[in-house]
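Written out below as structure tokens is the structure these notes cover.
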Ligand code: FDA
């Protein structure tokens, strides 16, 4: 019930406007958001790199409705790629197609109108920049109305810039096992996550136990494949299963990487680095932190208590 409450709040415009403007909102969000500016995000990345942790930088922002906003979102990614190169950071970038104009003109991911074409052009320019500087762009996965279009755009960009782009698959969707095989066959890098949106039972496993089982099944297929993949979870039971699976099957610890979110299970991130695994932390930043932050509370309502305690302590 609390999950639905926070997912509902994540799309509440009035509460979002209030929270993003308030200094209290900004203060609370700092636990999961690395700051408001590119400079703050780059400093957070440098600090993580110094601890042996790789980074993926995400300029927060979701669906934009004007071409100028999509171009502004893209400009931040170009700045990030330049800063990563200049500072020689071990960092790549993660972006959302809705932030690059996918929904403009009323078009959604499923219909291939002006929005998807615009998003593909703008994302393509960022991938081209990444390819030129030896970097990589991860296209995050949004709600299921975007799934097929996101896969097709990733496939076309991978053909143009092999190895410089990958995407995300969500274990809660029934289609994901087939999608994983489809992308692996093309050598496209996948980040496997459980999925953070509200999806109907007609297309997604409603029970968490089934999502977890599907996650483990696909994770084992991915780490046994020749393609380098990201195992994105904070679920220690799953992390333990992968530790055992790699040991039993002689899978190189560097054949994949664990991925976790900024500020979540920092203890586990450091422990995995000490054991010789690769860990990449997804570092979100920017003024549009609200929907991202609410989804994190939805995943673990206990975080509300945790944040409240720390807020009043500091
Ligand atoms: P799950 O929610 O099953 O929880 C297992 C345990 O992990 C908990 O008991 C707790 O110990 C810990 N935990 C989980 N969430 C926590 C939190 N917020 N705070 C503290 N502890 C927590 N989703 C999506 O739809 N599209 C995407 O592109 C991405 N991208 C992405 C990148 C990366 C690097 C990560 C780690 C995750 C995503 N996600 C995502 C989000 C993902 O789909 C999922 O919602 C969250 O990772 C939560 O699922 P877990 O597998 O972590 O564990």
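Numbering (my numbering), first residue to last: 554 to 867. Beta carbons are placed, not taken as given, at the ideal position from N, Cα and C, and that holds for glycine. Because the structure is a prediction, the values reported are computed rather than measured.
- For the segment 717-756, the continuous alpha helix (DSSP H) assignments of 4+ residues that do not extend past its boundaries occur at 729-738, in sequence order.
- Just so you know, the alpha carbons of residue 699 and residue 791 end up roughly 27 Å apart.
- The Cβ atoms of residue 822 and residue 595 lie no closer than 8 Å to each other.
- Residue environment for residue 807: exposed (fewer than 16 other C-beta atoms within 10 angstroms of its C-beta).
- Shown here, residue 715 sits in coil according to DSSP, grouped into three states, outside any helix or strand.
- Taking a cut-off of 8 Å on C-beta distances, the segment 820-835 does not touch the segment 773-780, as fewer than three cross pairs fall below it.
- Per DSSP, the unbroken beta strand (DSSP E) holding residue 645 starts and ends at 644-648.
- Boundaries of the beta strand (DSSP E) harbouring residue 812: 809-814, taken from the DSSP string.
- For the 8 Å CB-CB criterion, residue 717 and residue 744 do not form a contact.
- Listed in chain order, the non-local C-beta contacts of residue 741 below 8 Å within the same chain comprise 707, 708, 711, 718, 719, 720 and 780, local neighbours out to five positions each way being set aside.
- Here the alpha carbons of residue 750 and residue 578 stand approximately 23 Å from one another.
- By the C-beta criterion, the segment 588-603 is judged not to be in contact with the segment 559-577, since fewer than 3 inter-stretch pairs fall below 8 Å.
- For residue 746, the shortest C-beta to heavy atom distance toward the ligand FDA is below 7 Å.
- DSSP places residue 635 within a helical segment (H, G or I) once states are collapsed to three.
- Checking the 7 Å criterion, the Cβ of residue 853 is within range of a heavy atom belonging to the ligand FDA.
- According to the DSSP assignment, residue 833 belongs to the beta strand (DSSP E) that extends over 831-838.
- Counting the other Cβ atoms within 10 Å of the Cβ of residue 747 gives 16 or more, which makes it buried.
- Residue 787 and residue 619 have their C-alpha atoms spaced approximately 35 Å apart.
- Boundaries around residue 610 are those of the beta strand (DSSP E), 607-612, since no alpha helix (DSSP H) includes it.
- Residue 686 and residue 639 have their alpha carbons spaced roughly 10 Å apart.
- Between residue 768 and residue 734, the C-beta spacing is not below 8 Å.
- In the three-state reduction of the DSSP assignment, residue 578 falls in the helix class.
- Here DSSP, grouped into helix, strand and coil, assigns residue 691 to strand.
- Relative to the non-hydrogen atoms of the ligand FDA, the Cβ of residue 680 never comes closer than 7 Å to any of them.
- Among the bridge pairs identified by DSSP, residue 561 is matched with none.
- Residue range 782-785 is occupied by the beta strand (DSSP E) that includes residue 783, with no alpha helix (DSSP H) assigned at that position.
- In the three-state reduction of the DSSP assignment, residue 767 falls in the helix class.
- With a cutoff of 7 Å, residue 743 does not count as near the ligand FDA, since its C-beta is closer than that to no heavy atom of the ligand.
- The beta carbon of residue 845 sits no closer than 7 Å to any heavy atom of the ligand FDA.
- Restricting attention to 771, 593 and 820, the CA atom closest to the CA of residue 798 is found in 771.
- For residue 682, the enclosing alpha helix (DSSP H) starts and ends at 667-685.
- With respect to residue 835, residue 609 sits close: the two C-beta atoms are nearer than 8 Å.
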